[in-house]
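Novice:
Below, the structure written as structure tokens:
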């Protein structure tokens, strides 16, 4: 499955399929980007990050892609599992900022269908 | 090693009352951040504290909200004279270092959900 547009509130995919969650960021000066996963009733959990001098980074079953030209960030989840159901947030950090410099997107709710 | 501990997990207050939310950072972490999350929204930064110091409170409302991180004990986010618009989830996060210089070293608690009647 692939989100049709940016800021799509809900993305529904079949278990085992790949998911792509998109995010547009606002500040061309942001130097660091993070994806978080938030399960219902819990706090955000770090998934993967990428610095602005990179365009791709891979983790276990997840890949983050950064396109600085169009200020676009995406999270790819391979072979989705029921445990991947959650809200996914991207966050950008302004250059030189700390966690107080993080700006979070509104999130995409990923639903995994059996 | 316990994670970031927040309490209470749920708090109900009537308009005009006070709400106190507590956060104990992870062991060894001296940097604490508070965020607010409205329903269907992302997290909004409120305040960044180190022990006995407020480093950045640019996200805090000017009135009714205050935060502290004393030498001993948890960090406290205090909301006086609560209004319905204060209803939200309040998340605390801690870090061992400032600035997120290392990968992903920001750990969140499970949040305190405030409901104002």
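Protein chains in written order, with my numbering: chain D, 1 to 114; chain U, 115 to 231. C-beta atoms are modelled at their ideal positions from N, C-alpha and C, and glycine is treated no differently. Bear in mind the structure is a predicted one, so any value in this text is a computation, not a measurement.
#1: Rounded to a whole number of angstroms, what is the C-alpha to C-alpha distance between residue 4 (chain D) and residue 150 (chain U)?
#2: According to DSSP, simplified to helix, strand and coil, what is residue 17 (chain D)?
#3: Please state the DSSP three-state secondary structure of residue 61 (chain D).
#4: Identify which residue in D:13, D:77, D:81 and D:11 has its Cα closest to the Cα of residue 147 (chain D).
#5: By Cβ distance below 6 Å, which residues in the same chain neighbour residue 66 (chain U) in space, the five residues on each side in sequence not counted?
#6: Would you please state the rounded distance, in angstroms, between the beta carbons of residue 16 (chain D) and residue 80 (chain D)? I believe it to be under 8 Å.
#7: Rounded to whole angstroms, what's the CA-CA distance from residue 121 (chain U) to residue 227 (chain U)? Just pull it up for me.
#8: Is it buried or exposed, residue 93 (chain D), if we count other Cβ atoms within 10 angstroms and call 16 or more buried?
#9: Who are the neighbours of residue 179 (chain U) on chain D, taking C-beta pairs under 9 Å?
#10: Could you tell me the distance, in whole angstroms, from the CA atom of residue 223 (chain U) to the CA atom of residue 164 (chain U)?
#11: When burial is assigned at 16 or more other CB atoms within 10 Å of the CB, is residue 107 (chain D) buried or exposed?
#12: Is residue 89 (chain D) closer than 7 Å to residue 25 (chain D) when the C-beta atoms are compared?
#13: Any idea what DSSP makes of residue 49 (chain D), helix, strand or coil?
#14: Alpha carbon to alpha carbon, what distance is there between residue 162 (chain U) and residue 168 (chain U)?
#15: Put residue 84 (chain D) into one of helix, strand or coil per three-state DSSP.
#16: Please report how far the alpha carbon of residue 198 (chain U) lies from the alpha carbon of residue 109 (chain D), in whole angstroms.
#17: Name the residue from U:231, U:192 and U:208 whose alpha carbon lies nearest to the alpha carbon of residue 177 (chain U).
#18: Check whether the Cβ atoms of residue 146 (chain U) and residue 208 (chain U) sit closer than 7 Å, and answer yes or no.
#19: Pick out whichever of U:123, U:204 and U:220 has its Cα sitting closest to the Cα of residue 211 (chain U).
#20: Quick one: what's residue 230 (chain U) bridged to in DSSP?
#21: Going straight from the alpha carbon of residue 148 (chain U) to that of residue 20 (chain D), what length do you get?
Specialist: Reading it off the structure:
#1: Note that residue 4 (chain D) scores a pLDDT of 32, beneath 50, so its modelled location is shaky; the value from the coordinates is reported in the next line. Just so you know, the alpha carbons of residue 4 (chain D) and residue 150 (chain U) end up roughly 29 Å apart.
#2: Residue 17 (chain D) sits in coil when the DSSP states are folded into three classes, being neither helix nor strand.
#3: coil
#4: Outside the shown range of chain D, which is 1 to 114, sits residue 147 (chain D), and nothing can be said about it.
#5: With chain U covering only 115 through 231, there is no way to say anything about residue 66 (chain U).
#6: 7 Å
#7: 9 Å
#8: buried
#9: Result: empty, since nearest Cβ-Cβ is about 15 Å, beyond 9 Å.
#10: 17 Å
#11: buried
#12: No.
#13: strand
#14: One C-alpha to the other measures close to 6 Å.
#15: Here residue 84 (chain D) sits in helix by DSSP.
#16: 26 Å
#17: Per the C-alpha coordinates, the member of U:231, U:192 and U:208 positioned closest to residue 177 (chain U) is U:192.
#18: yes
#19: U:220
#20: U:127
#21: 29 Å
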